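Working notes for the structure below.
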Amino acid sequence: MIPALLFMLGIGALCGIVLSLSSKIFYVYEDPRIALVENNLAGANCGGCGYAGCSAAAEAIVNGIEPPSLCVVSGKEDVEKVARIMGVDAGSAESPLSYNMCEGGFRADDKYHYMGISSCKAMAAMYGGKRVCGVGCIGLGDCVKACQFDAVKLGPKGFPVVDDNKCVGCGACQQACPKDIIQVNTLSEKLMEFNQLHAPLAPCAQTCPAEINIPRYINQIKEGKYKEAVQTIRLRNPLPLACGRVCPHPCEDMCRRGIEDEPVSINQLKRFAADYEMNSGSRIPITCAPDTGKKVAVIGGGPAGLSCAFFLRRLGHEVNIFEAMPKLGGMIRYGIPEYRLPKKVLDWEIQGILDLGIKSFCNVKFGIDFGLGSLMASGYNAVFLGVGAWEDYTLGIEGENLDGCFTGINFLQRIAGGEKIKLGKTAAVVGGGNTAVDCARTLLRLGLEKVYMVYRRTRKEMPANEVEIVASEEEGIEFVFLAAPTRVVGDENDKVTHLEYLQMQLGEPDASGRRRPEPIEGSETLLDVDMIISAIGQAPETSFKELDPHTRMKELEITRWNTIDNDPATLQASIPYIFTGGDSATGASLVVEAIGGGRRAARSIDLHLKGEPVEPVPNSLQKKHIPESIFSKVDGIKKSPRAKMPEIHVDQRLDSMIEVDLVLPEEQALKESERCLNCCRICYNPDTDFPMAKAN
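The opening position of the sequence shown corresponds to residue 1 in the UniProt record's numbering, with each subsequent residue numbered one higher.
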């Protein structure tokens, strides 16, 4: 018995020695980060991430196979903790959500009767599906069946509806959809989404330079979801209050309702939503991605710079704005009069942008107070140049330097800054654009007895907004058409007494499509005025290039139009880490164009900061339209009056800078939202029971 016991103890000891030696030879190392990461995952072992359990998911994250945001159940804080454990960019740690792109559903016409398997993928194999719309939702609910979290339902109108509270962003719905109708995007991806040729887009949304989803926000207003409408607008445009007051709304020119009726008052509805937030007493929260550790300098606090800064900050980057003027706003502060855009409204809107964590430094001029070298030394990873177009064009005629002569933007800037300017009694404003109209209407409010607008073409060719021209006529401004200034006449004290002009006649159309004005020989005419403002356009002021001593600045290329040379698709300048947008990139243009340019530049800067190639948006619809979406006839329209913008009566507005155009009352806004056809690529909601219009 004892020998047997000793034998067994000996075997046990021998096995222990062998196992001990084996552990030294065959030791398997486990990265301690796996346990740390697993501890910060949800622990649900739900399989929504595609792995067997949280342990396998943690191993995939540590091995670099998956991002920190792999877990579809974890909250933002947990994902950020995982990112810190891994020492990676926390900006990639945003929680993704499903997002439905198509709202056509049952209203889209069928091109054939389908009797096959009840599956979107099966139907898509048959000529892309039965719907006439090639990119629309098939509507058999593959995405609904794929979702394990009951977050996607097929709505009553025949397209999927996502419940954000249940969605975990696993991507199963997107993988199930054969037509990319339902997508899973992070906040950053939504912010940086641009119009594309294959997208389900209404003509108005295709035309908007800021690329706002117009039908969606109008439909949200219609449903009384005003906060949601503001959020839809802000995905593309951070300045809806300013835009709602000054935008010439090119989108309305492409409104389908306008083919058979008056177009929907899109811009007034945008202003209604924006004013609702401002007057509500609280701000709608704006979310930002986690900090990336990257730093961007935005030069110029105008609409392009503010837009670029807004989107870069929402993408998680640190942003500082440098502005030469005393306050931010650029041309919308110093070039647009108070009666069109009150400064208190602009201040409220800009403060909302700064509240995201953006710092601003005013009264500092690029090239003089700081330069490219100091920015690089301060750790900035990229620079956005949005210096605007502040240099007025001159008439190039004799006498335009006499006492009493001004240029448009300079004049408006000085008035906006509170400067006391010596005024005359009668004035001539030369030009036909919005700046000229702003100067003329401002002069009336400053007390001048008579104001003329001198324009070398006719009223039909004036580039100013129609509503501004009409307001000028109502206020008593006298138009002198077909008149080309030839010289300014002064007295013995070099003070303006007259403007001489040649009478013109219209000839053949020029490159712009407008008939070319031609002088009538011997038709010189004198206009009795003691003040002249030339407002015939402006160009960017680029003296910073010569003033900045940094050697790299010599590589920055300037065009013959004095704009910063750039790739129009990416807005990247000749120096790779410098980007531009707005008037400094395109020349003087619309505020909404500058806003769209600022967002496009933010996308390019974000790519640059990530070390990715700065490439154009694939299949971009930039300044183009989807041919099949443009109709010449729209059936089922019952004519209804367009909402008339409320305004202060002429008798009550000329003695002050009080805001003239007012916001639509709620009742009228809701009624106007009903006029929207909620268009998509080719389908829409007709007023009456007519067959759906086809592309024609």
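Backbone N, C-alpha and C fix where the C-beta goes; we use that ideal spot for every residue, glycine too. Model, not experiment: these values are computed from the prediction.
Measuring alpha carbon to alpha carbon, tell me which residue in TYR51, ILE558, SER640 and LYS644 is nearest GLU541.
Taking the first residue of the sequence shown as 1, we reach residue 541 at position 541. Comparing Cα positions, the closest option is ILE558.
Could you tell me the boundaries of the alpha helix (DSSP H) in which GLN231 lies?
Along the sequence shown, read from residue 1 onward, the residue named residue 231 stands at position 231. Start and end: 226–234.
Just to confirm, is the Cβ distance from SER574 to ASP565 under 9 Å?
In the sequence shown, residue 574 corresponds to position 574, counting from 1. In the sequence shown, residue 565 corresponds to position 565, counting from 1. For SER574 and ASP565, yes; Cβs fall inside 9 Å.
Report the residue ranges of all alpha helix (DSSP H) runs contained in full by the stretch 324–382; include only those spanning at least 4 residues, in chain order.
331–334, 343–354 and 372–377, all fully within the stretch 324–382.
Going by C-alpha distance, which of SER620, ARG603 and GLY141 is nearest GLU612?
On the sequence shown, residue 612 is found 612 positions in, with the first residue counted as 1. Just measuring C-alpha positions, the residue of SER620, ARG603 and GLY141 sitting nearest GLU612 is ARG603.
Return the chain-ordered list of same chain residues with a C-beta closer than 7 Å to the C-beta of LYS638, the five sequence neighbours on each side being excluded.
Counting from one through the sequence shown, the residue named residue 638 turns up at place 638. Counting only Cβ-Cβ distances below 7 Å, and skipping sequence neighbours, we find ASP687 and THR688.
Within 10 angstroms of the Cβ of TRP561, are there 16 or more other Cβ atoms? Answer buried if so, exposed if not.
In the sequence shown, residue 561 corresponds to position 561, counting from 1. Exposed is the label assigned to TRP561, since fewer than 16 other Cβ atoms lie within 10 Å of its Cβ.
Quick one: what does DSSP say GLY587 is sitting in, helix, strand or coil?
Residue mapping note: residue 587 aligns to position 587 of the sequence shown, counting from 1. Coil at GLY587, not helix or strand.
Does DSSP put SER604 in a helix, in a strand, or in coil?
Locating residue 604 in the sequence shown gives position 604, counting from the first residue. Helix.
From the DSSP output, in three-state form, read off MET123 for me.
By 1-based counting over the sequence shown, the position of residue 123 is 123. Three-state DSSP puts MET123 in a helix.
Can you list, in chain order, the residues of its chain with a C-beta nearer than 7 Å to that of LEU375? Leave out the 5 residues immediately preceding and following it.
Looking up residue 375 in the sequence shown gives position 375. Excluding residues within five positions, the ones whose Cβ falls inside 7 Å are ALA297 and VAL383.
Does GLN622 come out as helix, strand or coil in the three-state DSSP assignment?
Residue numbering aside, residue 622 sits at position 622 when the sequence shown is read from its first letter. GLN622 falls in the coil class under three-state DSSP.
Using CA coordinates, which residue listed in LEU446, LEU41 and SER543 is at the minimum distance from ILE421?
Translated into positions along the sequence shown, residue 421 becomes position 421. ILE421 has its Cα closest to that of LEU446, out of LEU446, LEU41 and SER543.
VAL162 in three-state terms, based on DSSP:
On the sequence shown, residue 162 is found 162 positions in, with the first residue counted as 1. DSSP places VAL162 in strand when its eight states are reduced to three.
Looking at C-alpha atoms only, which residue of LYS359, ASP651 and ARG642 is the closest neighbour of GLU260?
Working through the sequence shown from its first residue, we reach residue 260 at position 260. Closest in C-alpha terms to GLU260, from the list LYS359, ASP651 and ARG642, comes ARG642.
Considering only residues of the same chain and omitting the five flanking positions on each side of MET192, which have a CB-CB separation below 6 Å?
One-based indexing of the sequence shown puts residue 192 at position 192. Cβ neighbours of MET192 beyond the five flanking positions: ARG603.
Count Cβ pairs between the stretch 511–528 and the stretch 494–501 that sit closer than 8 Å; are there 3 or more?
Taking a contact to require three or more Cβ pairs closer than 8 Å, the stretch 511–528 and the stretch 494–501 qualify as touching.
Take HIS249 and list the residues in its own chain whose beta-carbon comes closer than 7 Å to its own, dropping the five residues that flank it on each side.
To locate residue 249, count along the sequence shown from 1; it is residue 249. The answer, listed in chain order, is ILE266 and ASN267.
Classify GLY91 as buried or exposed, calling it buried when 16 or more other Cβ atoms lie within 10 Å of its own Cβ.
As a working mapping, residue 91 is identified with position 91 in the sequence shown. Confidence at GLY91 is low in this model, with a pLDDT of 44, below 50, so its placement is unreliable and no value can be given for it.
In this structure, does DSSP put GLU318 in helix, strand or coil?
Taking the sequence shown and counting its residues from 1, the one referred to as residue 318 is at position 318. Note: GLU318 maps to strand in three-state DSSP.
Rounded C-alpha distance that separates LEU443 from GLN231:
As a working mapping, residue 443 is identified with position 443 in the sequence shown. As a working mapping, residue 231 is identified with position 231 in the sequence shown. Answer to the nearest angstrom: the Cα atoms are 38 Å apart.
Report the rounded CA-to-CA distance for ARG459 versus ILE536, giving the unit in angstroms.
Position 459 of the sequence shown, counted from the start, is the residue given in the question as residue 459. Position 536 of the sequence shown, counted from the start, is the residue given in the question as residue 536. When rounded, the distance between both Cα atoms is 15 Å.
Under the rule that 16 or more other beta-carbon atoms within 10 Å means buried, what is HIS649, buried or exposed?
The count along the sequence shown starts at 1 and reaches residue 649 at position 649. Exposed: under 16 other Cβ atoms inside 10 Å.
Taking only three categories from DSSP, how would you classify ILE533?
Indexing the sequence shown from 1 puts residue 533 at position 533. Per DSSP, reduced to three states, the secondary structure at ILE533 is strand.
State buried or exposed for LYS179, treating a residue as buried only when at least 16 other CB atoms are found within 10 Å of its CB.
Walking along the sequence shown from the start, residue 179 turns up at place 179. Per the 10 Å Cβ criterion, buried.
Got a sec, what are the start and stop residues for the beta strand (DSSP E) CYS405 sits in?
Counting from one through the sequence shown, the residue named residue 405 turns up at place 405. Start and end: 405–407.
Status (buried if at least 16 other CB within 10 Å, exposed otherwise) for MET126
Counted from its first residue, the sequence shown places residue 126 at position 126. Its Cβ having fewer than 16 others within 10 Å, MET126 is exposed.
With a CB to CB cut of under 8 Å and the five nearest residues on each side skipped, what residues in its chain are close to ILE332?
Numbered from its first residue, the sequence shown carries residue 332 at position 332. Taken in chain order, the residues that qualify are LEU239, ALA242, VAL246, GLY302, PRO303, LEU341, LEU346 and VAL591.
Given a threshold of 16 other Cβ atoms within 10 Å of its Cβ, counted over all protein chains shown, does TYR455 qualify as buried or as exposed?
In the sequence shown, counting from the first residue as 1, residue 455 sits at position 455. With 16 or more other Cβ atoms within 10 Å, it is buried.
Apply the 10 Å Cβ neighbour rule to SER512 and answer buried if 16 or more other Cβ atoms are within range, or exposed otherwise.
Working through the sequence shown from its first residue, we reach residue 512 at position 512. Exposed: under 16 other Cβ atoms inside 10 Å.
From the DSSP output, in three-state form, read off ARG414 for me.
Taking the sequence shown and counting its residues from 1, one reaches residue 414 at position 414. Three-state result, ARG414: helix.
Would you mind stating whether ARG457 and GLY433 have Cβ atoms separated by less than 9 Å?
In the sequence shown, the residue the question calls residue 457 occupies position 457. In the sequence shown, the residue the question calls residue 433 occupies position 433. Not in contact: ARG457 and GLY433 (Cβ atoms no closer than 9 Å).
Whose CA, out of ASP438, TYR112, LEU482 and TYR452, lies closest to the CA of GLU466?
Sequence index remark: in the sequence shown, residue 466 carries index 466 (1-based). Out of ASP438, TYR112, LEU482 and TYR452, ASP438 has the C-alpha closest to the C-alpha of GLU466.
Quick one: what does DSSP say ASP89 is sitting in, helix, strand or coil?
One-based indexing of the sequence shown puts residue 89 at position 89. Residue placement at ASP89 cannot be trusted, given a pLDDT of 49 that sits under 50; what the coordinates show is reported in the next sentence. Correct three-state label for ASP89: coil.
Could you check where the beta strand (DSSP E) with ASN213 kicks off and where it finishes?
Position 213 of the sequence shown, counted from the start, is the residue given in the question as residue 213. First-last for ASN213: undefined, no H or E at that position.
Whose C-beta lies closer than 6 Å to the C-beta of LYS81 among residues of the same chain, with five residues either side of it excluded?
Indexing the sequence shown from 1 puts residue 81 at position 81. Contacts found: ASN40.
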